[in-house]
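Be aware that the sequence shown starts at 23, since it is given in the numbering used here, and climbs by one per residue.
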Amino acid sequence: SAGDFRNGITIEMEGTVFQIVEFQHVKPGKGAAFVRTKLRNIINGGIVEKTFRPTEKFP
């Protein structure tokens with residue numbers, strides 16, 4: 023799940039493999055917590071920033 027993210031692990035999303043370069047678990051005073059990540063595409067090296075809920079699952 024997104025709550026278990028650590029730097030350096032790889033995840034598959036939308037048929038593409040990404041490596042987590044940076045992640046930040048954010049708990050705002052109002053609203054639900056979320057995980058802000060910076061992901062590197064393993065195929066072409068591109069960087070993508072994406073936000074997840076901590077409960078989202080990855081195979």
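Ideal Cβ placement from N, Cα and C applies to all residues, glycine included.
Looking at Ser-23, Gly-37 and Gly-53, the one whose alpha-carbon comes closest to that of Ile-65 is Gly-37.
Note on Val-39: under 16 other CB atoms within 10 angstroms of its CB, so exposed under the neighbour-count rule. A distance of 9 Å or more separates the beta carbons of Phe-45 and Arg-62. Only residues of its own chain outside the window of five on either side were considered, and among them Ser-23 have a CB closer than 6 Å to the CB of Lys-79, listed in chain order. Checking the DSSP bridge columns, you'll see Val-70 partnered with Leu-61.
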